Structure formats: C-alpha cells, structure tokens
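Heads up: the sequence shown runs through residues 804 to 1027, numbered per my numbering.
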Amino acid sequence: MPQPSHDPYQVLGVAPSASAAEIKAAYRTLVKQHHPDAGGDEHRILALNAAWEVLGDPERRQQHDRLRQAPRGVPAAAGSPRPSRPASGLQHDDQLLHWLQQVYAPIDRLLGQVINPFPAQLRALSADPYDDLLMEDFCQFLQQSQAKLEKVEQLYRSLAAPRSAQGFSLSVYHCLSQVQDALTELERYTMGYVDSYLRDGREMIREAKRRRIRLQEERRRLEL
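This is the structure:
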C-alpha cells in the first residue's frame, strides 16, 4: 500500500505555484468532502488540517518552500526552528490551555457575535425586504460579520493546535466554514431577492449554531 504523502501541496492537490485563494478553496472543498460528519476519514482530515496549517500561513509556507527546494543533505539555514521534542504531560497541558485561551476562546466569541444576532436581523428585514433602509441595515450586518470572520481566520492560523486537539480544531474550522457559506448565500439574496438563497443561508446559520454548541460542550470536557 502506498504511504500517504506528507507534502502539503500534494495533500491538498495543488501546485507549489498555487495562489493563496486556490489553496484555501482546495482545502475547504476537501474538508467538506472528507469530514467525518459526511462519512469521511478522520486520518485524511488530520492530514488536510496539517497541510492547511502550513500553506494557509504565508510565513510558514515560505519557510516550507525554502526547505523543500534545498538540496538533500544540506542543513537548514541558521535560525530555522528545530523539530520540537515531545512535550511532557505538564507541557502538553500548558500548550493546550494556551491554545484554548488564545485561539479558541476569541474565535468562539466572534462566531457568537455573528450567529446570535442573526435571527433579530432577519426579523427586522422580514418586515419589508424591499425597504431600502432595512436592506441597507441588513447588508451592513453582513459586512460587519465578514470582518469578524476574517479575524477568526487570522486567529485560527496564528497558532497550531496541539496534536491532542487537532480534531477539535478541525471542528472549529468546519463551524467557521458553515458561517462563511451562510454569509455567501445571504449576500446573494441581497443582490437578487432569490428566496432559496435566504432559506439556505438561514439553515446554514442554524447548523452553525448547533455546531458551536457542540464545540462548547466538548470544550468543557477539555477543562484542565
């Protein structure tokens, strides 16, 4: 049986010359295809997640490209990080707690600022979707929500999750993806008043809310 590739470009099925947008699109497509919720393989998901953590961060991608292009047998340049040693139990707990506090907690808060106000925003628009002022308010909410999701993306890429939390980290990203897709559908609705876009966006937000609740429950089980 062939061994799985560890090259992040091969894992995501993109060329080394791929743009950041192409890499992101490939990652999101493969995550949706292979996520355990859709009957996919957990090991495949972990590989995708690891590849994204490298290629989704410009600095880490640049470092990977330098090492990838270096001739075999040539040591890494001075200052390059050495492979980390396995952390002790105490160090591992510290790493997990740090990631939960610095990455997951602010991500959860930002996702809540998008998901929780949505029903009230939709009710306000439903009074008269063709009212310019109501639609303007709704579009402003969508723009503010997109800005929050950009911060979520930055937080997610800022620090890799400890190995023991990689599955949890992936579920966090899947929740983010659900909200991003919802906003895309809702923006389409604002441009053409096609009810199916509004219906799909609303259902995606509801599913994201359920996912966020499950994440919060799992977070409590990770309490240190």
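Yeah, the Cβ is synthetic: ideal placement off N, Cα and C, and Gly gets one too. For clarity, every value in this text was computed on a predicted model and none was experimentally measured.
Check	Outcome
Among residues of its own chain, excluding the 5 on either side of Pro886, which ones have a beta-carbon nearer than 7 Å to its beta-carbon?	Unreliable placement is indicated for Pro886, whose pLDDT of 46 sits below 50; no coordinate value is reported for it.
If you follow the alpha helix (DSSP H) that His837 is in, where does it begin and where does it stop?	Ala823 to His837
Return yes when the Cβ of Pro811 is within less than 8 Å of the Cβ of Val857, no when it is not.	yes
Put Gly1004 into one of helix, strand or coil per three-state DSSP.	helix
Please report the residue range of the alpha helix (DSSP H) in which His809 lies.	First-last for His809: undefined, no H or E at that position.
So Leu914 and Val955 are supposed to be a Cβ contact under 8 Å. How far apart are they, rounded?	7 Å
Between the C-alpha atoms of Gln916 and His809, what's the straight-line distance to the nearest angstrom?	37 Å
Let's see if you can read the secondary structure: which residues bound the alpha helix (DSSP H) around Gly970?	Gln969 to Gly995
Kindly give me the distance between the Cβ atoms of Gln983 and Leu952, rounded to whole angstroms, as I take these residues to be in contact under 8 Å.	6 Å
To the nearest angstrom, how far is it from the Cα of Ala965 to the Cα of Asp868?	The residue asked about is misnamed: residue 965 is Pro in this sequence, not Ala. Pro965 and Asp868: Cα-Cα distance of roughly 23 Å.
Counting pairs of beta carbons, one from the segment 993–1008 and one from the segment 930–942, are three or more of them closer than 8 Å?	yes
Measure the C-alpha to C-alpha separation of Arg1005 and Ile918 and round it to an integer number of angstroms.	10 Å
Buried or exposed for Arg1015, please, with buried defined as at least 16 other CB atoms from any protein chain shown within 10 angstroms of its CB.	buried
For Leu870, which three-state DSSP category applies?	helix
Name the two residues that bound the continuous alpha helix (DSSP H) containing Ala923.	Phe921 to Ser929
Would you report the Cα separation of Ser961 and Gln905, rounded to the nearest angstrom?	9 Å
Would you give the residue range spanned by the alpha helix (DSSP H) that Pro965 belongs to?	Premise fails: Pro965 is in no alpha helix (DSSP H) and is neither H nor E.
Determine the closest residue to Ser948 out of Ala854, Ala927 and Phe921, with distance taken between C-alpha atoms.	Phe921
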